[in-house]
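Trainee: Below are the structure tokens for one structure; questions will follow.
Residue numbers (my numbering): -2 to 408.
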């Protein structure tokens, strides 16, 4: 098999989707920075900033497994178009309320929650859509390319957002995000996907499918442990990252420019992690790499509580972004290798739940702690608890579950 044949770029459908999706992902990062900074301006409360961040992710905790089953029952292309249209409408409402001077913290929280509901529906749809755009042998390439584009947008987006907010204001940032959904909607509209035989097969009852995915994840020792490690790292590591709007002001006494620098540093760390995986540096020891990445998250949080200068803060946030991304990319890759294909959507929806839902809860807990004990002691408390849970969850590597080819994971 030639090298070209296993590259997702050789798929015309995937190229169309990728080019459109790059724009929308960039817009998402612009809006995320704007939402966090807007919440701080309206409230000057770390707890409120944490709640607004949580509103964008909290629905994933409850709804993602349910939408994971739905994603296997609907036309994923049409569902993706519908979800992008809803997300564009929410961004437009944010822009109009801000531009008219009618935005309140209540409206901001409500629209952030609406964004969370729409995103919880789109996430499993996206996971189910990608395999329809490429052949089976191209799927690993498609995942790697999508991860790289996401992390590059994560790096570029905050810098662009900081400049937009500083020069044109928050309303412009929301409006630009709304426009960025148009290319991916157009790309999805012109893509044609052949119907698969399993698309017409009779499905099991809804809740039977849901429970089957949950039980499989629970009973598969390796998948269970890797998802738990991911949950711990994302709760503490990304929970701290979601409070950067408040920490930029409280610790570094800066504005939107300082926030953009910190978020861009996290993006650089994520890109470094993506590059390491794209070069195949970790392909032989995925499980161990996820465990080491989790420990790195704990150390980075502890260092963040110790530093007080912006250059050191940028460096530590870069490390935190890198280690958190090592955990996210490594865990998704291992789950993709281990899971049975018929259960892929449902199991990956549970992986998405902890990856996205962990920061939702973590940001609220971190915000509440910072309100009472300050940002520095919050970092120390998070680091200590992170280390403890990593020891509990990941101290012993589980034995391979029946039917698992361990050589596929460890090279």
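Every residue gets a Cβ at the ideal spot worked out from N, C-alpha and C, and that includes glycine.
#1: Considering only residues of the same chain and omitting the five flanking positions on each side of residue 376, which have a CB-CB separation below 6 Å?
#2: Which class does residue 202 belong to by DSSP, given the choice of helix, strand or coil?
#3: If you follow the alpha helix (DSSP H) that residue 227 is in, where does it begin and where does it stop?
#4: Using the beta-carbon count (16 or more within 10 Å), is residue 163 buried or exposed?
#5: Nearest to residue 255 by CA position, among 308, 228 and 218, is which residue?
#6: Apply the 10 Å Cβ neighbour rule to residue 74 and answer buried if 16 or more other Cβ atoms are within range, or exposed otherwise.
#7: Expressed to the nearest angstrom, what Euclidean distance is found between the alpha-carbon atoms of residue 325 and residue 187?
#8: From residue 41 to residue 48, what does the alpha carbon distance come to, in whole angstroms?
#9: Tell me the DSSP secondary structure of residue 7 in three-state form.
#10: Out of curiosity, what's the CA-to-CA distance linking residue 123 and residue 259?
#11: Measuring CA to CA, which of 178, 126, 170 and 332 is closest to residue 215?
#12: Let me know the secondary structure DSSP gives residue 329 once reduced to three states.
#13: Just list the alpha helix (DSSP H) runs in the stretch 73 to 116, keeping only unbroken ones of 4 residues or longer that don't cross its boundaries, in chain order.
#14: Residue 252 lies in the alpha helix (DSSP H); which residues open and close that run?
#15: Rounding to the nearest angstrom, what Cα-Cα distance links residue 243 and residue 390 in this structure?
#16: If you reduce the DSSP assignment to three classes, tell me which class residue 409 lands in.
#17: Count the other CB atoms within 10 Å of the CB of residue 64; is the residue buried (16 or more) or exposed (fewer)?
#18: Rounded to the nearest angstrom, what separates residue 107 and residue 171 at their Cα positions?
#19: Note down, in chain order, each residue of its chain lying with its Cβ closer than 7 Å to the Cβ of residue 131, except the 5 sequence neighbours on either side.
#20: Report, in whole angstroms, the separation of the C-beta atoms of residue 174 and residue 25, which I expect to be a contact under 8 Å.
#21: Could you spell out the range, first to last residue, of the alpha helix (DSSP H) harbouring residue 53?
Mentor: On the basis of the coordinates in this document:
#1: Counting only Cβ-Cβ distances below 6 Å, and skipping sequence neighbours, we find 298, 301 and 302.
#2: Here DSSP, grouped into helix, strand and coil, assigns residue 202 to coil.
#3: Start and end: 218 to 230.
#4: Label assigned to residue 163: exposed.
#5: Among 308, 228 and 218, the Cα nearest to that of residue 255 belongs to 308.
#6: Under this definition residue 74 is a buried residue.
#7: Taking the straight line joining both Cα atoms gives about 31 Å.
#8: Computed Cα separation, rounded: 13 Å.
#9: DSSP places residue 7 in helix when its eight states are reduced to three.
#10: Approximately 28 Å between the Cα atoms of the pair.
#11: With distances taken between Cα atoms, residue 215 lies closest to 332.
#12: Taken through DSSP and simplified to helix, strand or coil, residue 329 comes out as helix.
#13: Here the runs fully enclosed are 73 to 96.
#14: Residue 252 -> no alpha helix (DSSP H), and no H or E assigned at all.
#15: Going from the Cα of residue 243 to the Cα of residue 390 covers about 31 Å.
#16: Here the chain has residues from -2 to 408 only, and residue 409 is not among them.
#17: The residue in question, residue 64, is buried, as its Cβ has 16 or more Cβ neighbours within 10 Å.
#18: In a straight line, the C-alpha of residue 107 is about 15 Å away from that of residue 171.
#19: 5, 8, 11 and 139.
#20: Between residue 25 and residue 174 the Cβ distance is about 7 Å, and since that is below 8 Å, they are a contact.
#21: That run of the alpha helix (DSSP H) goes 43 to 68.
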